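Participant: The structure's right below; bear with me while I get my questions together.
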Amino acid sequence: MNNAYSITAAELTARGFENLPPELNSAKHMIYSSPATLDYNSPGAKGFGVKRAGLAIPGSVMLLVAPGCCGRNTALLNELGYSERFFYLMLDDTDIVTGRYLKKIPQACEELLGECQTQPSAIAICITCVDALLGTDMERVCRACTEKTGIPAVPAYMYALTREKRLPPMALVRKSVYSLLEKQKRVSTACNLLGFFSALEDGCEIYPLLKSAGIKTIGELGRCQTFAEYQALSKANFNLVLNAESRFAAQDMQERLGIPFIELTRLYRLDKIRNQYRLLGQALGVQFDDTDCYQTALEAVERVQDRFGGLRIAVGECLNADSFELALALTEYGFSVPEIYGTVGERNFVFIKKLAEISPETRIYSNLSPTMLNYRRTCELDAVIGNDAMYYHRDLPGIGFQEEAQPFGYRGVTLLFEQLEAALQGVTS
């Protein structure tokens, strides 16, 4: 039996992003829904897929417009307390062939209001690849629903077909969840953190750093408990974009609300984090003192280096990091990364090129490739990071590193290495 397809970082860099092997391009093959990635590779799956993300607006409900096969995995979210917020308009074959269901959506929105104990703040209308193929004008449908019910309706595009496009589902849904914000007078001492549907980890240094720059109010969608708190986000003087998938939403907020944005990247290389904060400080007209948090993160890295030496670590993509940036960081810290399981995109290809310079033999796999059915470990590993990597290597110590409280900056590095140290200590003690 052939093993799963992989390619070294050096080989992939030599080919270039424009010449990806078909096995790494999901548009060129059937998509394998690996058990390792059920919370990753579908925009409708568990975690913050499109369905849960569309409910990030406080007090909102969702109407899922889909054939039964697309709606079945919504039950995974019931255990998280969302059962009272989901409603269904199930489509049959005739609906799909004729498109007649589009006229039913406003009526369905009106009917679901009768099932709600309190009037919702908004209705998110979640549609699937059916509407992607039909070219449905969901903005028009949402306007009709708003006119019918008096409740604002927003689209949530659960389009798995557009996963690797310029505007993937998770970028579109981010725009939708901020689209109900209305222009207000901006407050000079307020900013928003855009990027994730849950809040940053409480200990993240970005909060005190911004406070030291005179920012008194830091808004986050994940901390909004009421619709009024959500609406207050439009008072921000600027937005900090912490995830590139929120750039489209930030651009829309800049155009509609006049709120400019600054973009940062979640990184795990300490020198790059420090430089990013330096540039942010320049933009805000201050000089951040990040010495203590830098030192804390460095000590966490050094403890793992001193205790466990040159670990061989496999890195997955079901985690709070970019697989390739994290692999590059680990390699620069002196560890070895024999294997990465990740989706290659234009944004992270730059990390692959840098990785090829210092670890050319690192092998890259795609979780979405059907060849992963045949995956077998062919290298020596000591530990793994990412829930998918843990699935492939159940006999090895590892960490999922996919908690809902989002790591960022120095705090992210500290948490990563503290958790890795604890996992390794449990094996060696």
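Be aware that the sequence shown starts at -8, since it is given in my numbering, and climbs by one per residue.
Ideal placement from N, C-alpha and C gives every residue a C-beta, glycine not left out.
In this text the structure is predicted, and so the values were computed from the model without any measurement.
Taking the C-alpha atoms as reference points, what is the distance between ALA396 and THR85?
Facilitator: For ALA396 and THR85, the distance between alpha carbons rounds to 43 Å.
Participant: Is ARG76 near LEU46, with beta carbons less than 9 Å apart?
Facilitator: For ARG76 and LEU46, yes; Cβs fall inside 9 Å.
Participant: Whole angstroms is fine: what's the gap from PHE229's alpha carbon to GLU337's?
Facilitator: Their backbone Cα atoms lie some 27 Å apart in a straight line.
Participant: In the DSSP assignment, what are the bridge partners of TYR382?
Facilitator: Paired residue(s): none; TYR382 is not in a bridge.
Participant: In whole angstroms, what separates the C-alpha of GLU14 from that of SER360?
Facilitator: So the alpha carbons of these two residues sit roughly 6 Å apart.
Participant: Candidates LEU201, ARG265, VAL292, LEU184: which alpha carbon is nearest ALA240's?
Facilitator: With distances taken between Cα atoms, ALA240 lies closest to LEU184.
Participant: By DSSP, does GLU465 sit in helix, in strand, or in coil?
Facilitator: Coverage of the chain is limited to positions -8 through 420, which leaves residue 465 absent and any answer about it impossible.
Participant: Starting from the Cα of LYS207, find the closest Cα among ILE253, LEU191, PRO199 and give me that residue.
Facilitator: The residue with the shortest Cα to Cα distance from LYS207 is PRO199.
Participant: Where does THR208 sit, in a helix, a strand or coil, going by DSSP?
Facilitator: Correct three-state label for THR208: strand.
Participant: At 3 residues or longer, what runs of the beta strand (DSSP E) sit wholly inside the region 255 to 330?
Facilitator: Qualifying beta strand (DSSP E) stretches, in chain order: 304 to 306.
Participant: Just to confirm before moving on: does the CB-CB distance between ALA318 and THR405 stay below 9 Å?
Facilitator: No, Cβ-Cβ distance for ALA318 and THR405 is not below 9 Å.
Participant: Please confirm whether CYS215 has its beta-carbon closer than 9 Å to some beta-carbon of chain B.
Facilitator: Judged by its chain identifiers, the structure shown contains no chain B, having just a single protein chain.
Participant: Shortest alpha-carbon distance to PRO251 belongs to which of THR140, VAL178, GLY205, ILE22?
Facilitator: Considering only alpha carbons, the answer is VAL178.
Participant: Can you find at least 3 beta carbon pairs, one from the region 283 to 299 and one from the region 338 to 349, that sit closer than 8 Å?
Facilitator: No contact exists between the region 283 to 299 and the region 338 to 349.
Participant: Across the region 250 to 265 and the region 369 to 381, are there enough close Cβ pairs to call them in contact, namely three or more that are closer than 8 Å?
Facilitator: Short answer: they don't touch.
Participant: In three-state DSSP terms, what is ASN358?
Facilitator: Correct three-state label for ASN358: coil.
Participant: Looking at C-alpha atoms only, which residue of ALA144, LYS176, MET149 is the closest neighbour of TYR169?
Facilitator: Comparing Cα-Cα distances from TYR169 to each of ALA144, LYS176, MET149, the minimum goes to ALA144.
Participant: Closest to LEU82 by CA distance: which of PHE342, VAL88, PRO58 is it?
Facilitator: It is PRO58 whose Cα lies nearest to the Cα of LEU82.
Participant: Check ILE349 in the structure and name its three-state DSSP category.
Facilitator: Three-state DSSP puts ILE349 in a helix.
Participant: Quick check on the burial criterion: 16 or more other C-beta atoms within 10 angstroms. Buried or exposed for LYS202?
Facilitator: The residue is exposed, with fewer than 16 neighbouring Cβ atoms inside 10 Å.
Participant: Within 8 Å, do at least three Cβ pairs link the region 274 to 287 to the region 304 to 314?
Facilitator: These segments do not touch.
Participant: Closer than 8 Å by C-beta to ARG260: which residues in its own chain qualify, once you throw out the five before and the five after it? Chain order, please.
Facilitator: If we look at ARG260 and ignore the five residues flanking it on each side, its Cβ neighbours are GLU316, LEU319, ALA320, GLU323.
Participant: Name, in chain order, the residues that DSSP records as bridge partners for GLY389.
Facilitator: BP columns for GLY389 point to VAL375.
Participant: Skipping 5 residues on each side, what residues in its chain have a beta carbon closer than 7 Å to that of PRO111?
Facilitator: Here the set comprises GLY50, SER51, VAL52, ILE142.
Participant: I believe PRO160 touches ALA135 by the beta-carbon criterion, under 8 Å. Please report the beta-carbon distance rounded to the nearest angstrom.
Facilitator: So it is not a contact: roughly 22 Å between Cβ atoms.
Participant: Out of curiosity, what's the CA-to-CA distance linking TYR356 and ASP386?
Facilitator: Taking the straight line joining both Cα atoms gives about 20 Å.
Participant: For a test of the three-state rule: what should DSSP assign to GLN397, helix, strand or coil?
Facilitator: In this structure, GLN397 counts as strand in the three-state DSSP scheme.
Participant: Just to confirm, is the Cβ distance from PRO388 to ALA312 under 9 Å?
Facilitator: No, Cβ-Cβ distance for PRO388 and ALA312 is not below 9 Å.
Participant: Can you list, in chain order, the residues of its chain whose CB lies under 8 Å from that of PHE8, leaving out five sequence neighbours each side?
Facilitator: Same-chain partners within the cutoff: VAL335, GLU337, PHE340.
Participant: The alpha helix (DSSP H) spanning PRO49 covers which residue range?
Facilitator: Per DSSP, PRO49 belongs to no alpha helix (DSSP H) and is neither H nor E.
Participant: TYR401: which of ILE343, GLN273, THR256 sits nearest, CA to CA?
Facilitator: Residue THR256 is the option with its Cα nearest to TYR401.
Participant: Taking only the alpha-carbon atoms, compute the straight-line gap between ARG6 and ALA162 and give it to the nearest angstrom.
Facilitator: One C-alpha to the other measures close to 28 Å.
Participant: If you draw a straight line from the C-alpha of TYR79 to the C-alpha of CYS100, how long is it?
Facilitator: Their Cα atoms are separated by approximately 10 Å.
Participant: Please state whether the Cβ-Cβ distance between LEU171 and ALA113 is less than 9 Å.
Facilitator: It is a contact, given that the beta carbons lie within the stated cut-off.
Participant: Let's test the definition: count the other Cβ atoms within 10 Å of the Cβ of ARG354 and tell me whether it reaches 16, buried, or not, exposed.
Facilitator: By the neighbour-count rule (16 or more Cβ atoms within 10 Å), ARG354 is buried.
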